[in-house]
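Asker: When the sequence shown is numbered by this note's numbering, its final residue is 1166 and no position is left out of the sequence of numbers.
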Amino acid sequence: MQAFAASTPQPADAPAQSRLRLATVLASLHRDRDTKGEVPPSAAGDIDSSSATPESPPLTLSWTYQLPGIATTRSAAAGPGSSVEGNSSASVPPPEQPKPGNKPGSADAPAIPARRSMIAKSEPRDTLIDSSRKTERTADTIAAPVAQQKVASEDEASPAQSGSADAKVVGDEEFLPADEANIEPTIADLPVPSRSKGSPTPNSPPPSQKRWGVAPIRWGGIVSVGVRRNNSDTTSGSTSQVYEGRLRANSYVWRPYIALVSGDFALTSIRSQESGDVSSSNLIGTSVTGSGTLQLFPQSRFPFSASLTLSDSRSEGSFSDSNIKQQRLSLRQDYRPQTGRWTTAAGYDRSELTGDFGSDVVDRVFGNFSNSVDRHSVNLTGDFSRTLADEQSGKSYFFGANHGFAYSDELSLSTNASLTGQQFDLDTDSATTQSLQVFSYGNWSPAESKWRGSANLRYFQTSNTVGGENFTNRTIGGAASLNYQASRNLSFFGTAGLSADTDNNLTSNQSLGASYSGEPLRFGNYDYTWFTSASLSNATSGEGDSFRSVNGAVGHSLMRTWQTSAQTTLSGSLNQSVSSSRSTGIGSSSATTLSHGASLGMQANAGETLTGYLSASASDSRTTGDTTSSFQMLNVQLTGNWRINQNSELDSNLTWQWSRQESDNDQPVVLVDELGRPLFREDTSRSGNTSLGGGLGYSHRRLFGLRGLRYRLDFRANTNRDDSRRFGNPNAQRQQDRATLDLDQRLFYRIGRLDTELQYRIAEIEGRRNQLIFFRVSREFGSF
């Protein structure tokens, strides 16, 4: 039976069309069992031969799909007259056998196009029937090949894989070139990568050759020129010209998930002229600033990050009289196991400040570990820091441990331990302080019971060394408390404690009490509540001295809420309480305290437009009796975000607090003149404090309706003293250079990639007022 392949002749210049070609091959592969698999020569011939046998042969189907755009490749090994007309069914000549001198990969070997082939191999019909019935004989029956063809190729022929008992697929053997068979090449005709390590495919580098290149780099920069004018209460004003060129780039190494790198490099030159100086400007400094970061395996379980930053206050919007240069190095390594719930991290920080004051260096090493197993949780933290400055140097360390255990939903235990130490070295002397604290706490709160209980154990030790003298104090103690909720309004409580100090002074204390809260009462739009409490306490020392006291208190409050709008709520409250205590024994005394308080708060929540809280509270407390004292406090807090319109926004987190305290002085202070005569007697001590902390910001993205004109206002305040840098905080500033009040206003205008900036800043540093005006023009380039 003849094999046929349908094809349609096309002009030579016609574009290739996609087609599906199906070839049906009916080949008689008969063999006699007595020949034991030997194939007559006629059976090993061309698969398209017209020979047929009377026996029923197996049916083999093969198909290929032609993609458009794949040109027909003519092989140099194809001889003339080898092409076959489109509709003819001529037999295909057998492939050329390799010569001994033509080795795969040699220069003299003829070019043979790589093409996959399919050779139908089958067993006699009787053998197939036997193999289906007796599976143990199948391997021996199909192992003997019916026909074996060898063709020259660039690679060694791969061993055939048995897909069934009727056919074998040979992946790396060769057919005739496509032009000799009058068949367009298909995807299967493309060169197949060699499966032999020693035989590279044509037009490809050897497998051992590595391809290295530069990863894509995103780069850009800024060129700017600026003029700055600053004034101070203690120094004369100066004018400076600032020239800066900055280059930025980021990329990755090998793969983005392997390493990410980024860099920022800037060169700054400054010319300055003091006020009243008619001489020409002089070049006072050229600084190199910038930053660089490296992230290794950023998305893995063990990411590593490193960063280095160099900054100069003269090239920023800072006050130039400080002339502070900072070098900041940060290293951090995290690790999380593939299985388990523990994590750990370690790092190193270094901050170096240099300026007119000299140098100030902070080095810090830190680490932490956390784990959770079943009902246990463990957290370990520690850091060690060293500060080195011209006026003072010191060391500080902290180690903390926390263990939690949830025995059940009703009972939980926790233990905290910490060790803290500081050492300060002055020019003439040194001081060392160290404290150790261990605190263990247990809480019992059954769900279906009116009883609640808690207990704690504590140990505290301090050691101070000043001028060669050491002072040590130790305290150990424990306490327990029990509460009974008799009803929703009435509850009883009792406490007991025991403590001992370094001198083995043992002290015990006990107390019993009750509290009652009345049912809320409604008077129109007002809610009224009241409460009362009473307690008895006793304290006894190891020497037999005792102290007993009786305490009582009563108070009430009035509250109201106004719904001013659908998104705004206003609430206010007034409260008053009276408490009295009477004590006997050591230090017996009596005192009565009257307290008043008032608060007003507004809560706004209008979705994405407005979210904020404004509150104001005032309190007054006065104590009379054997001792007289008074305390007043006023607190105002503003927190939230207000989107005024699509271009302007206001955000705040600001707290202002004022307090005053006055009390009798047990030891009056008497001031005398040079002759010893008393001039003033002070029987009371007064103290007051005003603090402001937080920030307030306002931004407008289209000022005066002009496109590209932006305005930004920032107000920052921190009137509390901050000495955290002395205790090893590398992110803190020096107390002498820290602004307690700072108002910064900036106006930006952008046209294309040209940007202009006008800055006006007023700040208070160490009680001195400083002003700064800075105008800068910059041009961006690159991808940033």
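Yeah, the Cβ is synthetic: ideal placement off N, Cα and C, and Gly gets one too.
Because the structure is a prediction, the values reported are computed rather than measured.
What does residue 780 pair with, by DSSP beta-bridge criteria?
Answerer: Start at 1 with the first residue of the sequence shown, and residue 780 comes out as number 398. Beta-bridge pairing links residue 780 to 765, 802.
Asker: Under 8 Å Cβ to Cβ from residue 517, same chain only, skipping five residues before and after it: list those, please.
Answerer: Taking the first residue of the sequence shown as 1, we reach residue 517 at position 135. In this predicted model, residue 517 has a pLDDT of only 43, less than 50, meaning its place in the structure is not dependable enough to derive any value.
Asker: With a threshold of 6 Å on Cβ separation, who are the neighbours of residue 1151 within its own chain once the five nearest residues in sequence on each side are excluded?
Answerer: Numbered from 1 along the sequence shown, position 769 holds the residue referred to as residue 1151. Excluding residues within five positions, the ones whose Cβ falls inside 6 Å are 615.
Asker: Measure the alpha-carbon distance for residue 976 versus residue 961 and round it to whole angstroms.
Answerer: Counting from one through the sequence shown, the residue named residue 976 turns up at place 594. Counting from one through the sequence shown, the residue named residue 961 turns up at place 579. Answer to the nearest angstrom: the Cα atoms are 7 Å apart.
Asker: DSSP has residue 1144 in a bridge; who is on the other side?
Answerer: Along the sequence shown, read from residue 1 onward, the residue named residue 1144 stands at position 762. In DSSP, residue 1144 forms a bridge with 1125, 1153.
Asker: Please report the residue range of the beta strand (DSSP E) in which residue 643 lies.
Answerer: Here residue 643 corresponds to residue number 261 of the sequence shown, with the count starting at 1. Run containing residue 643: 641-656, per the beta strand (DSSP E) assignment.
Asker: Assuming residue 1115 is part of the beta strand (DSSP E), what are its boundary residues?
Answerer: Within the sequence shown, residue 1115 is the residue found at index 733, counting from 1. Here residue 1115 belongs to no beta strand (DSSP E), and DSSP marks it neither H nor E.
Asker: Beta-carbon within less than 6 Å of residue 687's beta-carbon, same chain only, minus the 5 sequence neighbours each way: which residues are those?
Answerer: Here residue 687 is taken as the residue at index 305 of the sequence shown, counted from 1. Taken in chain order, the residues that qualify are 677, 714.
Asker: Does the contact criterion of 3 or more C-beta pairs under 8 Å hold for the region 796-807 versus the region 1142-1162?
Answerer: Segments in contact, no.
Asker: Consult DSSP for residue 1085 and reduce its assignment to one of helix, strand or coil.
Answerer: Your numbering for residue 1085 matches position 703 in the sequence shown. Helix at residue 1085.
Asker: Which value, in whole angstroms, describes the spacing of the CA atoms of residue 644 and residue 595?
Answerer: Within the sequence shown, numbered from 1, the residue matching residue 644 stands at position 262. Within the sequence shown, numbered from 1, the residue matching residue 595 stands at position 213. Straight-line Cα distance between these residues: approximately 18 Å.
Asker: What residue from 826, 777, 820, 883 has the CA that sits closest to residue 807's CA?
Answerer: Within the sequence shown, residue 807 is the residue found at index 425, counting from 1. The candidate whose alpha carbon is nearest that of residue 807 is 777.
Asker: Within its chain, find whatever has a CB closer than 6 Å to the CB of residue 350; leave out the 5 residues flanking it on each side and keep chain order.
Answerer: In the structure as shown, the chain begins at 383 and stops at 1166. Residue 350 is therefore absent and cannot be evaluated.
Asker: Under DSSP, the beta strand (DSSP E) around residue 914 begins and ends at which residues?
Answerer: Here residue 914 corresponds to residue number 532 of the sequence shown, with the count starting at 1. Per DSSP, residue 914 belongs to the beta strand (DSSP E) from 908-923.
Asker: Just the Cα atoms here: how many angstroms apart are residue 652 and residue 695?
Answerer: Walking along the sequence shown from the start, residue 652 turns up at place 270. Walking along the sequence shown from the start, residue 695 turns up at place 313. For residue 652 and residue 695, the distance between alpha carbons rounds to 12 Å.
Asker: So, for residue 796: in the same chain, excluding its five sequence neighbours on each side, which residues have a beta-carbon less than 6 Å away from its beta-carbon?
Answerer: Here residue 796 is taken as the residue at index 414 of the sequence shown, counted from 1. Once the five neighbours on either side are set aside, the close Cβ partners of residue 796 are 786, 823.
Asker: Could you tell me which residues DSSP pairs with residue 832 in its beta bridges?
Answerer: Within the sequence shown, numbered from 1, the residue matching residue 832 stands at position 450. Per DSSP, none; premise fails for residue 832.
Asker: Taking the alpha-carbon positions, what's the residue 1094 to residue 1028 distance?
Answerer: Locating residue 1094 in the sequence shown gives position 712, where the first residue counts as 1. Locating residue 1028 in the sequence shown gives position 646, where the first residue counts as 1. The straight-line gap from Cα to Cα measures roughly 15 Å.
Asker: Would residue 966 and residue 905 be called neighbours here (beta carbons separated by less than 9 Å)?
Answerer: By one-based count along the sequence shown, residue 966 stands at place 584. By one-based count along the sequence shown, residue 905 stands at place 523. No, the pair does not count as a contact, with Cβ atoms beyond the cut-off.
Asker: Mapping DSSP to helix, strand and coil, what is residue 335?
Answerer: There is no way to answer for residue 335, as the model of the chain reaches only from 383 to 1166.
Asker: Would you call residue 1112 buried or exposed, if buried means 16 or more other Cβ atoms sit within 10 Å of its Cβ?
Answerer: As a first step, residue 1112 must be located in the sequence shown, where it is residue number 730. It counts as buried.
Asker: Going by C-alpha to C-alpha distance, which of 1109, 1162, 1163 sits closest to residue 770?
Answerer: As a first step, residue 770 is located in the sequence shown; it is residue number 388 there, counting from the start. Minimum Cα distance to residue 770 is reached at 1109.
Asker: Alpha carbon to alpha carbon, how far is residue 996 from residue 984?
Answerer: Within the sequence shown, residue 996 is the residue found at index 614, counting from 1. Within the sequence shown, residue 984 is the residue found at index 602, counting from 1. If you take the alpha carbons of residue 996 and residue 984, they lie about 5 Å apart.
Asker: Report back the beta-carbon spacing between residue 1035 and residue 994 to the nearest angstrom; my notes put them in contact at under 8 Å.
Answerer: By 1-based counting over the sequence shown, the position of residue 1035 is 653. By 1-based counting over the sequence shown, the position of residue 994 is 612. Incorrect: roughly 10 Å between the Cβ atoms, too far for contact.
Asker: When you compare only the Cα positions, how much space is there between residue 798 and residue 722?
Answerer: Here residue 798 refers to the residue found at position 416 of the sequence shown. Here residue 722 refers to the residue found at position 340 of the sequence shown. Each residue's alpha carbon lies about 24 Å from the other.
Asker: Between which two residues does the beta strand (DSSP E) holding residue 1002 run?
Answerer: Mapped onto the sequence shown, residue 1002 falls at position 620. First-last of the beta strand (DSSP E) with residue 1002: 992-1007.
Asker: How about residue 669 and residue 691: are their beta carbons less than 9 Å apart?
Answerer: Looking up residue 669 in the sequence shown gives position 287. Looking up residue 691 in the sequence shown gives position 309. Their beta carbons are not under 9 Å apart, which means residue 669 does not touch residue 691 by this criterion.
Asker: So, for residue 817: in the same chain, excluding its five sequence neighbours on each side, which residues have a beta-carbon less than 6 Å away from its beta-carbon?
Answerer: On the sequence shown, residue 817 is found 435 positions in, with the first residue counted as 1. Around residue 817: 802, 844.
Asker: Does the distance between the C-beta of residue 993 and the nearest non-hydrogen atom of the ligand NAP fall short of 8 Å?
Answerer: The ligand NAP is absent from the structure shown, which contains no ligands of any kind.
Asker: Going by DSSP in three states, residue 953 sits in which element: helix, strand or coil?
Answerer: Here residue 953 refers to the residue found at position 571 of the sequence shown. Looking at residue 953 - three-state DSSP - the assignment turns out to be strand.
Asker: If you draw a straight line from the alpha carbon of residue 1196 to that of residue 758, how long is it in whole angstroms?
Answerer: Residue 1196 lies beyond the stretch modelled for the chain, which goes from 383 to 1166, so this question has no answer here.
Asker: Following the continuous beta strand (DSSP E) through residue 709, name the residue where it begins and the one where it ends.
Answerer: Start at 1 with the first residue of the sequence shown, and residue 709 comes out as number 327. From DSSP, the beta strand (DSSP E) with residue 709 extends over 707-717.
Asker: According to DSSP, which residues form a beta bridge with residue 607?
Answerer: In the sequence shown, residue 607 corresponds to position 225, counting from 1. Answer is 625, 1159.
Asker: Would residue 999 and residue 987 qualify as a contact pair, given that the criterion is a beta-carbon distance under 9 Å?
Answerer: The count along the sequence shown starts at 1 and reaches residue 999 at position 617. The count along the sequence shown starts at 1 and reaches residue 987 at position 605. No, the pair does not count as a contact, with Cβ atoms beyond the cut-off.
Asker: Would you identify the three-state DSSP class for residue 695, choosing helix, strand or coil?
Answerer: The count along the sequence shown starts at 1 and reaches residue 695 at position 313. Note: residue 695 maps to helix in three-state DSSP.
Asker: Hey, quick one: how far does the beta strand (DSSP E) through residue 738 stretch, first residue to last?
Answerer: The count along the sequence shown starts at 1 and reaches residue 738 at position 356. Note, residue 738: premise wrong, no beta strand (DSSP E); not H, not E.
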